[in-house]
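Student: Residue numbers (the numbering used here): 191 to 287.
So that we are looking at the same thing, I have put the structure below in structure tokens.
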């Protein structure tokens, strides 16, 4: 995976862009993501991996450092080796009294 690469789910409408790359196998809804999807997504989202993705949110896999940003929301959850990725929390800015 390279930074800036756009990846698509094969089972839902989720699309992500790689922000920080890592050598892992990213999945969405239990199915591997692909660079280029010919046609519409097909298949079913796996139970337990159906929490969905949110537009504009960044998702992080802490163990590998992988970070992706959702550019099109969908029904499947992003995961690496069956572990669902966390939504990256926003950094709090210092007060500007």
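We put the CB at the ideal spot given by N, CA and C, even for glycine.
Please tell me whether residue 235 has its Cβ less than 9 Å away from any Cβ of chain B.
Tutor: The question asks about chain B, but that chain is absent: this structure has only one protein chain.
Student: In terms of residue numbering, what span does the beta strand (DSSP E) encompassing residue 202 cover?
Tutor: Per DSSP, residue 202 belongs to no beta strand (DSSP E) and is neither H nor E.
Student: How many angstroms separate the CA atom of residue 252 from the CA atom of residue 270?
Tutor: Rounded to whole angstroms, residue 252 to residue 270 spans 10 Å at the Cα level.
Student: Helix, strand or coil: which one does DSSP assign to residue 255?
Tutor: Note: residue 255 maps to coil in three-state DSSP.
Student: Buried or exposed: which applies to residue 288, given that a residue is buried once 16 or more other Cβ atoms fall within 10 Å of its Cβ?
Tutor: Residue 288 is absent from the model: the chain starts at 191 and stops at 287.
Student: Beta-carbon within less than 8 Å of residue 203's beta-carbon, same chain only, minus the 5 sequence neighbours each way: which residues are those?
Tutor: Around residue 203: 231, 262, 263, 264, 265.
Student: So, under 8 Å CB-CB, residue 195 and residue 208 are touching, yes? Tell me the CB distance rounded to an integer number of Å.
Tutor: With 8 Å as the limit, residue 195 and residue 208 qualify as a contact, their Cβ atoms being about 5 Å apart.
Student: So who's on the other strand from residue 225, going by DSSP bridges?
Tutor: According to DSSP, which records beta bridges pairwise, residue 225 is partnered with nothing at all.
Student: Out of 216, 211, 192, state which residue places its alpha-carbon closest to the alpha-carbon of residue 275.
Tutor: Nearest C-alpha to residue 275: 216.
Student: For residue 233, which three-state DSSP category applies?
Tutor: In this structure, residue 233 counts as coil in the three-state DSSP scheme.
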